[in-house]
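Chains as they are written, first to last, in our numbering: chain A, 2 to 378; chain B, 2 to 378.
What follows is the structure, given as structure tokens:
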């Protein structure tokens, strides 16, 4: 289908740099990794959610062009809330029909806003008439889902704590993670204050700045990883229009389409980067992808099946919870991390034995957008 | 390459409707026009610039999905400032490799903001560090270009008045134009107050709401118009980084690429929809496209060559000046208008003899983005 032929990523964290700076940094790292330069790139797809409120800056394609005057490339910006990165990759893959090499750069600079300002800005991913006016911000949305998951499947907060603990155990080793070298114990997680019951601080991904870039090529190069499927599916923006609060139909359908496109079964996946914007999202994501049955994700977590040494490592990078969730960068960063895993270059976060097939799961809002990408060594 | 197989457009003006409503209305009109339905559409590309400040609503792909629950389509949003519409069409064309039929919906709802709020919001299309901090908003940017064009080529404000008069003469006949049935005389234009010298009120396109949709298909149908070229080029975001103030390099390069791709010369174009966000932009656009030499556009205007009855009608719809400039909708609306012209269905705005080849010219900011699309009957 197409090949990931270069990856780059800034440190994720609170960065004293502008959107333009981190886009450029991630881009240059991907060039260094690939051996390609700007003249080899046919088009660039930028993924960003909140350039407007965070920097009063839209038209980011021209901002990027300003950093390479005279290049005159086709560059566009894609926005689908927290799934912007996956969506930009989906679009870039379509573009490999026309161009030999294309680039995706995801970037977000959340720390420019106050915490309250960020919450208000992120609420724009939810329906303005129903959800925003009712104060149904994202921690509240995911709390409703957690309540229903607990009620229906006897999931407990302890299961969520195990998800958070795993994320931090992995992020601790990842030099680019927001929470690199941060030691977190299950007791600290258990004692953390409630955000929206039953979710506590450690159930929520942090506000983070960062950028990621990948180069996607029509042809295979030396270090390439193959993209064998990419599926993007949209659904209603608000939970109030859904039949179930324990699953995202868009993610289930995207996963099924992606597995069909790749012509593989969920069982053969070796490693997953999953959109754990909240811990409950990891349990729901596992069930939506179809690696376990509805309600069984908690047992997988309890049995340690998804740790770095388990049968199916999930978020060995630290995920959104441990690496941070610079919104527009997240979906691109997931592909970065899976590519590193499939190349065997994930350092202390490397999954062993060396994985052959990896999957990324990127969600916008409360499942209004879902993008599943499958990669093969 | 691909075919325009359905078009739809709302009234352009101050509308008492939401972004969701006008997106839906334009979409349904395009379905009615094409005979296709949502089940025939493989993917949808939304073009919108200011959903954030105008409606506190991003994640518009999920907003649209909410209007057709159960459809689970791939939908994304594209933003490249005022060139968002052209950019979405450029992307949709890439997608016809994968999907038989795709849709582009451009929409903007500017009237939700105060005039001052809109000016601030639109300024996000300009560089935040250089232009925004200096107060270099878009009328000021284009005024600088007009001053230089006047100095270099002896263009006068009378030439700009003729551009405005032509726009209103055409818009007066177009039922979907913001200024439908509005009579404007050259005296009124001449007496209008200065906005940014030398530009006056009648040199500026108005703040307008509206939506447009087109369906693009891999195969030719009965009423299809062929897309024979589409070129998207980016440049520096700020005029302060440019060598010249009388031309947009991105537009010149995009036009050259498009003519190369279509394998035609500028001389064979029969009708143009040109991004006249300000009257001076029409003169510069004519020169950038290459239909006349630098500095000669004023003579074309003086000789009436670009009126509806001239050698090469430009903006027979009324353009941005006469129809309004609902930013995300504009580039899509241009393709709507050219398609209507090539089909011979442009009503009182129809160019005669029936045109064979049409071109759209869509600009973001002050030439940070340029998209040229060429269509053939």
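For each residue, glycine too, the CB sits at the ideal point set by N, CA and C.
In the three-state scheme derived from DSSP, where H, G and I count as helix and E and B as strand, residue 377 (chain A) is classed as strand.
Taking all protein chains shown into account, residue 354 (chain A) has fewer than 16 neighbouring C-beta atoms within 10 Å of its C-beta and is therefore exposed. Taking the Cα of residue 44 (chain B) as reference, the smallest distance to any Cα among B:103, B:12, B:65 and B:241 is reached at B:103.
Listed in chain order, the non-local C-beta contacts of residue 301 (chain B) below 7 Å within the same chain comprise 287, 293 and 307, local neighbours out to five positions each way being set aside. Between residue 25 (chain A) and residue 217 (chain A), the beta carbon gap of about 19 Å keeps them out of contact (Cβ cut-off 8 Å). Residues 142, 145, 246 and 367 of the same chain have their beta carbon placed closer than 7 Å to that of residue 240 (chain A), with the five preceding and five following residues left out of the count.
At a cut-off of 9 Å, the C-beta of residue 99 (chain B) has a neighbouring C-beta in chain A.
Per DSSP, the continuous alpha helix (DSSP H) segment holding residue 323 (chain A) begins and ends at 320 to 324.
Between residue 55 (chain A) and residue 113 (chain A), the C-beta spacing is below 9 Å. In the structure shown, residue 32 (chain B) falls within a helical segment according to DSSP collapsed to helix, strand and coil.
Taking CB atoms only, residue 124 (chain B) has a neighbour in chain A less than 9 Å away. A contact between stretches requires three or more CB pairs, one per stretch, nearer than 8 Å, and the stretch 320 to 327 of chain B meets this requirement with the stretch 154 to 174 of chain B.
9 Å or more divides the Cβ of residue 49 (chain B) from the Cβ of residue 369 (chain A).
For residue 345 (chain A), the number of other beta carbons within 10 angstroms of its own is below 16, and it is reported as exposed. Here DSSP, grouped into helix, strand and coil, assigns residue 110 (chain A) to strand.
Per the C-alpha coordinates, the member of A:15, A:375 and A:100 positioned closest to residue 256 (chain A) is A:375.
Boundaries for residue 77 (chain B): no alpha helix (DSSP H) harbours it, while the beta strand (DSSP E) harbouring it runs 76 to 80, taken from the DSSP string.
Counting only residues of its own chain and dropping the five nearest sequence neighbours on each side, residue 68 (chain B) has a CB closer than 7 Å to the CB of 21 and 25. Flagged as an interface residue toward chain B: residue 81 (chain A), by a C-beta distance shorter than 9 Å. With respect to chain B, the C-beta atom of residue 102 (chain A) has no partner C-beta closer than 9 Å.
In this structure, DSSP gives residue 362 (chain A) an extended state, which the three-state scheme calls strand. In the structure shown, residue 268 (chain B) adopts helical secondary structure according to DSSP, grouped into three states.
Taken atom to atom, the span from the alpha-carbon of residue 243 (chain A) to that of residue 201 (chain B) is near 51 Å. Residue pairing of residue 10 (chain A) in beta bridges, as defined by DSSP: A:213.
The beta carbon of residue 109 (chain A) does not come within 9 Å of any beta carbon belonging to chain B, so the residue lies off that interface. Residue-level contact check: residue 140 (chain A) does not touch chain B, since none of the beta carbons of chain B fall below 9 Å from its beta carbon.
Pairing residue 220 (chain A) with residue 101 (chain A) gives a Cβ-Cβ distance under 9 Å. Using a Cβ distance threshold of 9 Å, residue 270 (chain A) and residue 73 (chain B) do not count as a contacting pair. At a cut-off of 9 Å between C-beta atoms, residue 127 (chain A) counts as an interface residue with respect to chain B. DSSP places residue 24 (chain B) in the helix class (H, G or I) of the three-state scheme. Residue 230 (chain A) is bridged by DSSP to A:375. For residue 71 (chain B), the closest of A:338, A:254 and A:91 by C-alpha to C-alpha distance is A:254. Nearest CB-CB separation between residue 73 (chain A) and chain B: below the 9 Å threshold.
According to the DSSP assignment, residue 47 (chain B) belongs to the beta strand (DSSP E) that extends over 44 to 48. With respect to residue 211 (chain B), residue 16 (chain B) sits close: the two C-beta atoms are nearer than 9 Å. Under the Cβ criterion of 9 Å, residue 336 (chain A) is not counted among the residues facing chain B.
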